[in-house]
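For reference, the structure is listed below as C-alpha cells.
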Amino acid sequence: MNAVPQRVEHQMTDKGYVPVYTTSVIEQPWDQYSATDHQVWATLFERQQKILVGRASDEFLRTQQAMGMNAHQIPKFDDLNRMLRATTGWELIGVEGLLPELTFFEHLANRRFPVTWWIRKPEQLDYLAEPDLFHDLFGHVPLLMNPVFADYMQAYGQGGVKAHGIGPEALVNLTRLYWYTVEFGLIRDTGGLRIYGAGILSSKGESIHCLESDAPNRIGFDLERIMRTRYRIDTYQKTYFVIDSYEQLMDATRPDFTPIYARLAAQESVPAGTVLDTDTVYNRGTGEGWLTDGDV
Ligand code: PHE
Ligand code: FE
C-alpha cells in the first residue's frame, strides 16, 4: 500500500510563524479521509454555496455546478480531472502543502494545478494560515473550466518562471498580481460587483466584507498599480481590484513584463489601503451603472 502522505503545515518557532515548503506530488489518499474530514467539507460547502448566491461571479457558479462538486463527500481528484482534461486540458495534482515558488510556477505553466490533499480541522472552519483542500478545490478549481481563465493561469505560471529568473523584485511585483486577481479579485458582472478570487470564495467572512463593507476600497483593474500595491495575508484586504471581464485580464497581462519590472524598480510601493487620484473607485454594485466616489 502507498504510505499516507504528510500533512505539511506552518510551524511556530521562537521567531514566530514560519511557512514550510514541500515539493512531492502525491496520490490523493481518498480512502483515508475520516468521517470528520467529509463533515468539514460538507459544512463548508453548504455554507459557502448559500453565501455565494448573488455574490460569486456567474461564471464561477456555472463552472462549479458543471464540475459536479457536492456537499456529500470530498471530491475525488480523478473524477474532477476527467472533466477538466476534457474541457480545458488542466489537471489537478495532489500536494502536501505550500510549494516553493518556482515549482508552483512550473506546474501552472504545464496546466497542472496543485491541490492540498488534507482538509482543515473542525476548529478551523473560519480561518487557517495556509491553503487546504477546501480553499484549493472549492475556490480555485471551478474557474479552470473557463477557457480564458484557464489560459490566464497558465500564462501566469510561464510569467512566474520568467520573473524568477529576473530576480526577487520582479517576483514581488508578479506575486501581487496573483494576490489581487486569482486570490482576491472582483469582477463586474451583469448583476453588479461579484467575487472570482479564491481567497474570498473560500471565506465566509470575506465573501460578505469585500462587497458589503464600507471599509475596503474597490478599485478598477490597473496592472502596474496592482504590481505596486502591498498586501497583508492575515486580515481582510483593504483594497480589491475589479476587472470587467476575464478577457480584460488576459489582454492586459499579455505584454512582456520585463520593461514593466524595470520601470517599477524605480518606484515606491503603495500601502494596501491607499487610494490614488488616478484610481477608478467603485461603490457596491447596484446594477444601475457604476458610480465612482466622485459621483455620489
Ligand atoms: N506577460 C507576462 C510576462 O511577460 C506573463 C504573464 C501573463 C504574467 C499573465 C501574469 C499573467 O511576464
Ligand atoms: Fe489560493
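Position in the sequence shown counted from 1, then plus 18, gives you the working numbering. Ideal Cβ positions, reconstructed from N, Cα and C, are used throughout, including at glycine.
Pairing CB atoms from the segment 159 to 173 with CB atoms from the segment 135 to 142, are three or more of them under 8 Å? no
For V22, three-class secondary structure by DSSP: coil
Does the structure place the segment 265 to 285 close enough to the segment 217 to 237 that three or more beta carbon pairs sit under 8 Å? no
Any chance the segment 166 to 175 sits against the segment 248 to 266, with 3 or more Cβ pairs inside 8 Å? yes
Could you tell me the alpha carbon to alpha carbon distance between A127 and G209, rounded to whole angstroms? 33 Å
Say the cut is 6 Å; is the CB of K180 nearer than that to a heavy atom of ligand 1? yes
Looking at chain C, is there any beta carbon in it that lies within less than 7 Å of the beta carbon of P37? Although the question refers to chain C, the structure presented lacks it and comprises just one protein chain.
Of the choices T296, R130, V113, M171, whose alpha-carbon is the least far from that of E45? V113
In or out: E224 buried (at least 16 other Cβ within 10 Å) or exposed? buried
Going by C-alpha distance, which of R25, R248, T296 is nearest L151? R25
Taking DSSP as the reference, what is the three-state secondary structure of D96? helix
With contact counted as at least three CB pairs below 8 Å, one residue from each stretch, are the segment 238 to 254 and the segment 92 to 107 in contact? no
Which residues share a DSSP beta bridge with T31? G34
Helix, strand or coil at N235 according to DSSP, with G and I counted as helix: strand
Taking 6 Å as the cut-off, is the beta-carbon of P149 closer than that to any non-hydrogen atom of ligand 2? yes
Please classify A147 as buried or exposed, where buried requires at least 16 other C-beta atoms within 10 Å of its C-beta. exposed
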